[in-house]
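As C-alpha cells, the structure follows; a few thoughts come after it.
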Amino acid sequence: MFALFDDAGKFQAGRVMSEADSSMQIELDSGKRVKVKAANVLIKFAKPSPAEVLGQGAAQAADIDVDLIWEVAPNEEFGFEDLAREYFSANADAVQQAAMLMRLFDTPHYFHRRGKGRFRKAPEDILKQALVAIERKKQQALQIAQWAEELAAGNCPPPIKEQLYKILFKPDKNGPEYKAVVDAAKATQRAPLDLLKDAGAIDSPYQFHFKRFLFEFFPKGCGFPAVQAPPIKDELPLAAVRAFSIDDSMTTEIDDALSVQGLGTGTVTYGIHIAAPSLAIAPGSPVDALGRARMSTVYMPGHKITMLPDDVVQTYTLIEGRDCPAVSLYITFDEATLEVKGSETKLERVPIAANLRHDKLDGVITDATLSGEAPADYAFASELAFAYRLARHLKARREVVRGKPETFNRPDYSFKLLGANGENTMSDGIEPQGNEQVVIGIRARGSALDLIVAEAMILANSTWGGWLAELGVPGIYRSQASLQPGIKVRMGTKALPHAGMGVAQYTWATSPLRRYVDLVNQWQIVACAKNGRTAALAAPFKPKDAELFAIISNFDTAYSAYNGFQSSMERYWTLKYLGQQGLTELDCAVMVNGLVRADTLPLVFKAIGADNLPRHAKVRVRITGVDELTLDVHASVVARLDDATPADQGVDEGISEGEDDEEVLDNAGPLTLAIDVTDADAPAGDAPAP
Numbered sequence: 133m134f135a136l137f138d139d140a141g142k143f144q145a146g147r148v149m150s151e152a153d154s155s156m157q158i159e160l161d162s163g164k165r166v167k168v169k170a171a172n173v174l175i176k177f178a179k180p181s182p183a184e185v186l187g188q189g190a191a192q193a194a195d196i197d198v199d200l201i202w203e204v205a206p207n208e209e210f211g212f213e214d215l216a217r218e219y220f221s222a223n224a225d226a227v228q229q230a231a232m233l234m235r236l237f238d239t240p241h242y243f244h245r246r247g248k249g250r251f252r253k254a255p256e257d258i259l260k261q262a263l264v265a266i267e268r269k270k271q272q273a274l275q276i277a278q279w280a281e282e283l284a285a286g287n288c289p290p291p292i293k294e295q296l297y298k299i300l301f302k303p304d305k306n307g308p309e310y311k312a313v314v315d316a317a318k319a320t321q322r323a324p325l326d327l328l329k330d331a332g333a334i335d336s337p338y339q340f341h342f343k344r345f346l347f348e349f350f351p352k353g354c355g356f357p358a359v360q361a362p363p364i365k366d367e368l369p370l371a372a373v374r375a376f377s378i379d380d381s382m383t384t385e386i387d388d389a390l391s392v393q394g395l396g397t398g399t400v401t402y403g404i405h406i407a408a409p410s411l412a413i414a415p416g417s418p419v420d421a422l423g424r425a426r427m428s429t430v431y432m433p434g435h436k437i438t439m440l441p442d443d444v445v446q447t448y449t450l451i452e453g454r455d456c457p458a459v460s461l462y463i464t465f466d467e468a469t470l471e472v473k474g475s476e477t478k479l480e481r482v483p484i485a486a487n488l489r490h491d492k493l494d495g496v497i498t499d500a501t502l503s504g505e506a507p508a509d510y511a512f513a514s515e516l517a518f519a520y521r522l523a524r525h526l527k528a529r530r531e532v533v534r535g536k537p538e539t540f541n542r543p544d545y546s547f548k549l550l551g552a553n554g555e556n557t558m559s560d561g562i563e564p565q566g567n568e569q570v571v572i573g574i575r576a577r578g579s580a581l582d583l584i585v586a587e588a589m590i591l592a593n594s595t596w597g598g599w600l601a602e603l604g605v606p607g608i609y610r611s612q613a614s615l616q617p618g619i620k621v622r623m624g625t626k627a628l629p630h631a632g633m634g635v636a637q638y639t640w641a642t643s644p645l646r647r648y649v650d651l652v653n654q655w656q657i658v659a660c661a662k663n664g665r666t667a668a669l670a671a672p673f674k675p676k677d678a679e680l681f682a683i684i685s686n687f688d689t690a691y692s693a694y695n696g697f698q699s700s701m702e703r704y705w706t707l708k709y710l711g712q713q714g715l716t717e718l719d720c721a722v723m724v725n726g727l728v729r730a731d732t733l734p735l736v737f738k739a740i741g742a743d744n745l746p747r748h749a750k751v752r753v754r755i756t757g758v759d760e761l762t763l764d765v766h767a768s769v770v771a772r773l774d775d776a777t778p779a780d781q782g783v784d785e786g787i788s789e790g791e792d793d794e795e796v797l798d799n800a801g802p803l804t805l806a807i808d809v810t811d812a813d814a815p816a817g818d819a820p821a822p
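Heads up: the sequence shown is residues 133 to 822, going by our numbering.
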C-alpha cells in the first residue's frame, strides 16, 4: 500500500510501513522513513509506484482546464477526489486524483483552500479581480525585463529617468523601476550609478547633485507660496546713532550692524544692532511656518535658497538709507581700559548709514590703518578703529578662558561663478547650470573686518545668553564641555560654557533672517526687553517646553544636511576649477588615513602614497582623474617637499566651530547610494538615507 501526503505544502508519496489510528510510518523512495499524521494523508493507492503518481500527476495537472473545473465545481465546499471523478471519470485513479489535487492547490485564485484536500471555488467577482492582478503582475514583469534590456543597451526609459533620485536614494524596492535598474546592473555587472549615467539618465553632474538635494529636502520645490510680510506694530523710538553693517557684496539678508558713540569722552557705548523680524512675525503665523519648515538659508557657490521669501527679508533687512527696526544691545566700555561698565537692550529704529562690503574693503581697511600705523582714508575710520581695538581685546580675553590662543592656519575660500556674460550668477538670482567659469578667492581668516564682526557677534550672543538665564527665560544655546578631541559642540536649552569660544554661555541670536533658532531666541530676548523680571511669563517658549526641544532637533538635522550639501557643491566647483585651469599637480599637506589637503584650494582627497607619511608632511600630488558625479579625486604622491615634519598640533578652527577629522573624512568620502543590487525584493521603506 502506498500513500500521498501533504508535508507543509509539499506533496510526497511513499510505501506505508505501518498504520495506527492517528498516524502512519511511510518510507520514501530515498529510503527515509517519516511519521505522518493520518489527517495529512490525502490518497491511498496500490498502483502505480509513488514516483509515477507524483510525476504523472504533475504532468496531467498542467493539462487540466482550470476555467472548466471552476465552472463545474459545486458552490459549496468539496474534496479534490470528488472533482476528479467529475472531471475524469467516476473511476478516477490515483494519478488523476493527484493531478486534480495539484491543480487545485496551485490555483488559489480560483479555489480557496478549506482544509486538507478540501476546497471551495472563489466567487466570480473575486476571481475576476485576482485574474486582473495576475495579468498586471505578468505585464509588469515583462515591462521590468524590457526596461532592463534598454538600460543594458545604453538607453534610459523615461519612467526610470523621472524617478532617478527616488531609485538611487529613497527607493521603493518593490517598484518596477527600481527592479529594472537592479536587474540591469546584475546582468551587466556594472554599478547602478555608472549604468544610469551611460544610459543618459543624468543630464549633468551639477544637476544631479542639486536635484538630489532638492529631492531630499525640497520635494515640492524651493519657491514660496504668496505671503505678505506682516508690519511691525510697535511704536519704536529712533536711535541716536549712525550704524554700519559689514557683509559680503552678495549678502541680501543683512542681520547685523554696529555703532560707536562717545569716542574721546572716556566712556564709549558700543551698539550691536540686529534686524528684528520677531517684532512682526508671530510664532505660528504663516511666515513663521515657512521659516520653521526650512530652518536655515541654504548656501552654495553662486546660489542660495533663503529661509524666508525675499520680499519678507527685504522688509526687515538692515539696508542702508533706512531707519530699520532692530533689537539693539548697547554695552558701555571704559575707553582706556575697555572694561565693561554696563549693558542695555533696546527695541528701536536704527538709522543704517552704510552697508560696508568686506570683499571690497579688505585691502583698504587693514590692521595697519586700524592701528594708526597707516593713513585711514575711509568712512567710519575712528569707529572701526575702536571696534578693532575692542575686538582684539575681547579675543585675547576669550583666549585666556580657552587656555590657548585661537589660530587660523587655513584661509577661507570664496567662490564666484561667472555666466556667459561674465556676470556673477549670485547677482542675477539665476540658478547655475554647472558649466560656469569658477573663480576661487582666498581671504585670510582673522582679517581685520572679519575679527570686528565675529567678536561683536560673540559678545552679543554671550551677553544675551547670560541675560536670558538670569531672567529664567529659556533659550537655545550652543555649548562645548572642553577642547579635548572628540568633544563636539551641542545644542540645548541650558546656559552652559562654550570651551571653544571661551565664554560662559553662547546663543545664536544675531542672524534671525537666516537661521530659525536665532529667530526663536530673538522672540525670547524681545520678551525680556519688554517685560524685564516677568519675562518668563510673557515669553513664547516656557522652561522645559517640548516644542523648543523639537525645534533644536529639527534644526540640527537640517543645518547639518545643508552644511554637507554646501561642502559637496564647493567640492564640485573645485573639481570644475581643476579642469578649467588645467591643474594636474597640487602641493598638499598630509592628514590622516591617506588623505591630503591642498595648500591653495578647499580640497581634501585620498592620494596613493600618503598612507605611510607623517601628518603635516608637505608633498606634491599628481591628479590623474576626477569624477564630477561621485566627487572622487584620483591622485598619487609624486614628491616629498619637506625633510622634517612639525609636531602634530591638532586642528584648531577658532571661532568658526569648524570641522574635525571625522567631518573631513565624511566630506572626502564617496557618494552613498541607497540602491542595493543584492536585495531587489526587500520590503519597501528599509533603505538607508543617502
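Here a beta-carbon is modelled for each residue, glycine too, at the ideal position from N, C-alpha and C.
Bear in mind the structure is a predicted one, so any value in this text is a computation, not a measurement.
In its chain, beyond the 5 residues on either side, W202, A205 and F243 have a beta carbon closer than 6 angstroms to the beta carbon of K253. If only uninterrupted alpha helix (DSSP H) runs of at least 4 residues are considered, those enclosed by the stretch 667 to 739 are 667 to 670 and 678 to 713. Here K436 carries a strand assignment [DSSP, helix/strand/coil].
With respect to R245, F301 sits apart: the two C-beta atoms are not nearer than 8 angstroms. For K142 and P290, the gap between their C-alpha atoms comes out near 43 angstroms. CA-CA distance, R521 to L470, rounds to 9 angstroms.
Between the stretch 539 to 550 and the stretch 560 to 573 there are three or more C-beta pairs closer than 8 angstroms, enough to call the two in contact. Classified as buried, V392 has 16 or more neighbouring CB atoms from the shown chains inside 10 Å of its CB. For G396, the three-state secondary structure derived from DSSP is coil. Pairing V459 with H405, the inter-Cα distance amounts to about 6 angstroms.
Contact between the stretch 303 to 317 and the stretch 334 to 344 is not established, with fewer than three Cβ pairs separated by less than 8 angstroms. In this structure, A319 and K293 do not form a Cβ contact; the two beta carbons are roughly 19 angstroms apart against a cut-off of 8 angstroms. Between the alpha carbons of L488 and T642 lies a gap of roughly 18 angstroms. A Cβ-Cβ separation of about 15 angstroms leaves A316 out of contact with L274 under the 8 angstroms criterion. With fewer than three CB-CB distances shorter than 8 angstroms, the stretch 668 to 683 does not count as touching the stretch 626 to 635. Proximity to R374 across L516, R647, P180 and Q188 peaks at L516, based on C-alpha coordinates.
Between W596 and L461, the gap from beta carbon to beta carbon is short of 8 angstroms. Annotation for Y338: G566 place their beta carbon closer than 6 angstroms to its own, counting only its chain and skipping 5 residues before and after.
N487 sits in a strand when the DSSP states are folded into three classes. Taking G398 as reference, the option from G711, V430, D466 and D442 with the minimal CA-CA separation is D466. Taking the C-beta atoms as reference points, L136 is found nearer than 8 angstroms to L174. Rounded to the nearest angstrom, the gap between the Cα atoms of K169 and A140 is 12 angstroms. Pairwise C-beta distances place the stretch 700 to 720 in contact with the stretch 754 to 763, as three or more of them are shorter than 8 angstroms. The criterion of a C-beta distance shorter than 8 angstroms is not satisfied by A171 and M234.
Annotation note: the stretch 343 to 427 contains the following uninterrupted alpha helix (DSSP H) runs of length 4 or greater, listed N- to C-terminal: 418 to 426. For L516, the uninterrupted alpha helix (DSSP H) run begins and ends at A513 to R534, by DSSP. Per the coordinates, the alpha-carbon of L328 lies some 15 angstroms from the alpha-carbon of I276. Along the stretch 266 to 347, the beta strand (DSSP E) does not occur as any fully enclosed run of 3 or more residues.
Along the length of the stretch 143 to 167, whole beta strand (DSSP E) runs at least 3 residues long occupy 155 to 160, reported in chain order. Straight-line measurement puts the Cα of V728 at about 9 angstroms from the Cα of V751. Going by C-alpha positions, L645 is about 32 angstroms away from L707. Rounded to whole angstroms, the Cβ separation of I386 and D379 is 6 angstroms, and the two are in contact under 8 angstroms. Taking L395 as the centre and dropping the five residues before and after it, the same chain places the C-beta of E467, S514, E515 and F518 closer than 8 angstroms to its C-beta, in chain order. By the 16-neighbour rule on beta-carbons within 10 angstroms, N593 is buried. Counted as a single uninterrupted DSSP element, the stretch harbouring V635 is not any beta strand (DSSP E), since DSSP gives it neither H nor E.
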